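Report on the structure given below.
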Amino acid sequence: MSNIEIERRRTFAIIAHPDAGKTSLTEKLLLFGGQIQVAGAVKSNKIKKTATSDWMDIEKQRGISVTTSVMEFDYHDYKINILDTPGHQDFAEDTYRTLTAVDSVIIVVDGAKGVEAQTRKLMEVCRMRNTPVIIFVNKMDREGKDPFDLLDELEEELHIAVRPLSFPIEQGIRFKGVYNIYENNLNLFQPSKQMVTEKVAVDIHTEALDGHIGKPLADKLRTDLELIEGVYPEFDREAYMKGELAPVFFGSALNNFGVQELLDCFVEIAPSPRPVQSEERTVQPDEPKFTGFVFKITANIDPNHRSCIAFCKICSGKFVRNAPYLHVRHNKTMRFSSPTQFMAQRKTTIDEAYAGDIIGLPDNGTFKIGDTLTEGEKLHFRGLPSFSPEMFKYIENADPMRQKQLSKGIDQLMDEGVAQLFVNQFNGRKIIGTVGQLQFEVIQYRLLNEYNASCRWEPLSLYKACWIESDDAAELDAFMKRKYQYMAKDREGRDVFLADSAYVLQMAQMDFKHIKFHFTSEF
Ligand code: G4P
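Following the working numbering, the numbering of the sequence shown begins with -17 at its first residue and continues without gaps.
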């Protein structure tokens, strides 16, 4: 196996609370990769829910994000794969799954707003998997929080040690630039969307610094840097790789400022494809045989081509077009004649791809999230957890003549991971759980347009879905008998307790001490 091919790969996602600057940063990275020539070419995949947008708009916007789902480019000797994540938080589940396919993450934080709700949640997912993270504090050209306060906030709110590798000189309209601690040079700010500023090598202990930014600011910078060296231990790459320490950069994505420093440091320190855990064993990226798993399925909105694209992360070996691979769940050999890879705004058919890469496989319902492909070994990759949904509704058939279409539609949409399905064991009714209201509307729209089936929602007030387990079979049995009206099964047949309030859940936890209540399906 060619180790060089694997070692030069950097597969990562940029995550952020909406509006922090993820799209702007992605665009600037593509600019450095030569994938686009001018700023402004990449459109945000944010779903803008305005009074005028109908569901077709959502569909169109979803369609746009198919081609930008993965962006790959070469930078120096590195091959970069950026996995895009949906901007709208109702599609958070999609983002969680994408995070299972990356080897590291860049978190963008708005320098004025600090850590926001979605950032916190996404960081939790990174922590579950010990994903290495780099933090980019954006919008330094705006008035924001004091950088030291921000560093404290990052540490406290994201529960991770931080280490600044660059530091800002003033901010807002007085913003002068950043001092790059990693490279020991000064980068002076010039607001420009298209230009990359020159870096100045300067010894901060000499008067040369005063010449660049004036004596008062130079003195302040020296004090700040001394404080940083005093407070924060040296950057420790091992700790970063374990997901225990996050290096922090400051800049302005919109002005393409501080982005190149981030990228240069990123390619150097970020991990190449990491080993992946399967139920059977740990799979090393440099194993000669191909293995991969599907982490995302996206429907094609073009009505003439109703097929989907399954996104497969290659975990080991080399994928070759038209070679026979085992679809483990179906125990069936398949060949792929038109696998695709993704550039900024186009996708191309490829002949081969390596561990770390993401390939798109045309799919007509053969794939489901979590499916594994191998050269014959029966492997099952783990790490695609379902999280307890936030909202629940009963789904009912609104057209008795089309029960079959509805069932098929629900099944396929669940395979795609649009939402989660639970079946209540007491009354047999189907319950759909989502993280946002928007998903119910998308499901209804897609059932009608793609499956010619209509559904009706009935309200259901639940607090959480908990996957339950216990070593004490008798207690588990007693619990399920007591709560029989609230017991459901997920699609894998696992037992799920539907708690209708936090209080009920708390009481259950107190009464049944040997039962573990999990908020994710992976424990
Ligand atoms: P997102 O993908 O994380 O949601 O963020 P996006 O990049 O779309 O940026 C959100 C808004 O913040 C945009 O403004 C963008 O121009 C602005 N922005 C991003 N980076 C910076 C920065 O470094 N400095 C400043 N001052 N603003 C920044 P918008 O008004 O929502 O959109 P647009 O009309 O500018 O496109």
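Quick reminder that beta carbons are idealized off the backbone N, C-alpha and C, glycines included.
Just so it is clear, the structure is predicted and the values come from calculations on it, not from any experiment.
Legend entry - C-beta contact flag for Phe506 and Phe118 at 8 Å: Because the chain is modelled from -17 through 505, residue 506 falls outside the range shown and cannot be assessed.
Legend entry - When Lys4, Ile(-4), Tyr60 are compared against Ile(-14), the one with the closest alpha-carbon: The residue you call residue -14 lines up with position 4 of the sequence shown. Measuring from the Cα of Ile(-14), the nearest candidate turns out to be Tyr60.
Inset, instruction - Reducing DSSP to helix, strand and coil, say where Gly415 ends up. - result: Taking the sequence shown and counting its residues from 1, the one referred to as residue 415 is at position 433. In this structure, Gly415 counts as strand in the three-state DSSP scheme.
Inset, instruction - Determine the direct distance from the alpha carbon of Arg(-9) to that of Arg109, and round the result to whole angstroms. - result: The sequence position of residue 109 within the sequence shown is 127, counting from 1. The sequence position of residue -9 within the sequence shown is 9, counting from 1. One C-alpha to the other measures close to 22 Å.
Legend entry - Element boundaries [alpha helix (DSSP H), containing Lys197]: Here residue 197 refers to the residue found at position 215 of the sequence shown. 197 to 213 is the span of the alpha helix (DSSP H), which, as asked, contains Lys197.
Inset, instruction - Pick out the complete beta strand (DSSP E) segments inside the region 44 to 123, 3 residues or longer, and give them in chain order. - result: Correct list: 52 to 57, 60 to 65, 86 to 92, 115 to 120.
Legend entry - Closest residue to Phe171 among Phe157, Ala292, Arg204 (Cα-Cα distance): Translated into the one-based positions of the sequence shown, residue 171 becomes position 189. The residue with the shortest Cα to Cα distance from Phe171 is Phe157.
Legend entry - Start and end residues, beta strand (DSSP E) containing Pro344: What you label residue 344 is simply residue 362 of the sequence shown in a count that begins at 1. Looking at the DSSP string, the run of the beta strand (DSSP E) that includes Pro344 is 340 to 345.
Legend entry - Separation of Lys350 from Val276, as counted between CA atoms: Residue 276 sits at position 294 when you count from the first residue of the sequence shown. Residue 350 sits at position 368 when you count from the first residue of the sequence shown. Going by the C-alpha atoms only, they are around 7 Å apart.
Legend entry - For Arg483, three-class secondary structure by DSSP: Working through the sequence shown from its first residue, we reach residue 483 at position 501. First, the amino acid is wrong: residue 483 is Ser here, not Arg. If DSSP states are grouped into helix, strand and coil, Ser483 belongs with coil.
Legend entry - Bridge-paired residues (DSSP) for Arg(-8): To locate residue -8, count along the sequence shown from 1; it is residue 10. Answer by DSSP bridge pairing, in chain order: Ile62.
Legend entry - Residues sharing a beta bridge with Asp477, DSSP: Translated into the one-based positions of the sequence shown, residue 477 becomes position 495. Lys471.
Inset, instruction - Over the uninterrupted alpha helix (DSSP H) stretch that includes Phe248, give me the two end residues. - result: The residue given as residue 248 occupies position 266 in the sequence shown. Per DSSP, Phe248 belongs to the alpha helix (DSSP H) from 241 to 251.
Inset, instruction - Within its chain, find whatever has a CB closer than 7 Å to the CB of Lys437; leave out the 5 residues flanking it on each side and keep chain order. - result: As a first step, residue 437 must be located in the sequence shown, where it is residue number 455. One point to set straight first is that residue 437 is Cys, not Lys, in the sequence displayed. Contacts found: Ile377, Glu378, Asn379, Ala380, Leu388, Gln426, Leu429.
Legend entry - Enclosing beta strand (DSSP E) for Thr280 [first to last residue]: Along the sequence shown, read from residue 1 onward, the residue named residue 280 stands at position 298. 273 to 281 is the extent of the beta strand (DSSP E) around Thr280.
Inset, instruction - Give me whichever residues DSSP pairs with Gly15 in a beta bridge. - result: As a working mapping, residue 15 is identified with position 33 in the sequence shown. According to DSSP, which records beta bridges pairwise, Gly15 is partnered with nothing at all.
Inset, instruction - Per DSSP, which residues does Gln508 bridge with? Please list them. - result: The structure shown does not extend to residue 508, since the chain is modelled only from -17 to 505, so the question has no answer here.
Inset, instruction - Could you spell out the range, first to last residue, of the beta strand (DSSP E) harbouring Glu135? - result: As a working note, residue 135 is residue 153 in the sequence shown. Counting along the chain, Glu135 falls outside any beta strand (DSSP E), though it belongs to the alpha helix (DSSP H) covering 129 to 140.
Inset, instruction - Report the rounded CA-to-CA distance for Thr348 versus Glu9, giving the unit in angstroms. - result: In the sequence shown, the residue the question calls residue 348 occupies position 366. In the sequence shown, the residue the question calls residue 9 occupies position 27. Thr348 and Glu9: Cα-Cα distance of roughly 34 Å.
Inset, instruction - Tell me whether Leu104 counts as near the ligand G4P, meaning its Cβ is closer than 7 Å to at least one heavy atom of that ligand. - result: Taking the first residue of the sequence shown as 1, we reach residue 104 at position 122. Leu104 Cβ: outside cutoff for every heavy atom of the ligand G4P.
Inset, instruction - Can you have a look at Lys386 and say buried or exposed, based on whether 16 or more other CB atoms are within 10 angstroms of its CB? - result: Walking along the sequence shown from the start, residue 386 turns up at place 404. Exposed, since its Cβ has fewer than 16 Cβ neighbours within 10 Å.
Legend entry - the region -3 to 8 touching the region 79 to 97, judged by at least three CB pairs closer than 8 Å: With three or more CB-CB distances shorter than 8 Å, the region -3 to 8 counts as touching the region 79 to 97.
Legend entry - DSSP three-state assignment for Ser35, whether helix, strand or coil: Position 53 of the sequence shown, counted from the first residue, corresponds to residue 35. Unreliable positioning characterises Ser35 in this predicted model, as indicated by a pLDDT of 41, which lies under 50. A coordinate reading is not provided.
Inset, instruction - Please classify Ala456: is it buried, with 16 or more other beta-carbons within 10 angstroms of its beta-carbon, or exposed? - result: Looking up residue 456 in the sequence shown gives position 474. Burial call: exposed.
Legend entry - Cut-off 6 Å between Cβ atoms - residues of its own chain near Leu191, not counting five sequence neighbours on either side: The sequence position of residue 191 within the sequence shown is 209, counting from 1. Same-chain partners within the cutoff: Val184, Ala200.
Inset, instruction - Pick helix, strand or coil for Ala221, following the three-state DSSP scheme. - result: As a first step, residue 221 is located in the sequence shown; it is residue number 239 there, counting from the start. Looking at Ala221 - three-state DSSP - the assignment turns out to be helix.
Inset, instruction - Kindly indicate which three-state DSSP category Pro310 falls into: helix, strand or coil? - result: The count along the sequence shown starts at 1 and reaches residue 310 at position 328. It is Val, not Pro, that sits at residue 310 in the sequence shown. Of the three classes helix, strand and coil, the one that applies to Val310 here is coil, per DSSP.
Legend entry - Unbroken beta strand (DSSP E) run spanning Gly159, endpoints: Taking the sequence shown and counting its residues from 1, the one referred to as residue 159 is at position 177. Start and end: 159 to 162.
Legend entry - Between the CA atoms of Gly233 and Gly240 - distance to the nearest angstrom: The residue labelled residue 240 in the question sits at position 258 within the sequence shown. The residue labelled residue 233 in the question sits at position 251 within the sequence shown. Going by the C-alpha atoms only, they are around 5 Å apart.
Inset, instruction - Have a look at His194 and Asp397 and give me their C-alpha separation to the nearest angstrom. - result: Here residue 194 is taken as the residue at index 212 of the sequence shown, counted from 1. Here residue 397 is taken as the residue at index 415 of the sequence shown, counted from 1. Answer to the nearest angstrom: the Cα atoms are 58 Å apart.
Inset, instruction - May I ask which residues mark the beginning and end of the alpha helix (DSSP H) holding Ser389? - result: By one-based count along the sequence shown, residue 389 stands at place 407. Start and end: 385 to 397.
Inset, instruction - Would you identify the three-state DSSP class for Lys30, choosing helix, strand or coil? - result: The residue labelled residue 30 in the question sits at position 48 within the sequence shown. Unreliable placement is indicated for Lys30, whose pLDDT of 46 sits below 50; the coordinate value is still reported in the next sentence. Coil at Lys30, not helix or strand.
Legend entry - beta-carbon Arg156 near the ligand G4P non-hydrogen atom, thresh 7 Å: The residue given as residue 156 occupies position 174 in the sequence shown. No - the ligand G4P has no heavy atom lying nearer than 7 Å to the Cβ of Arg156.
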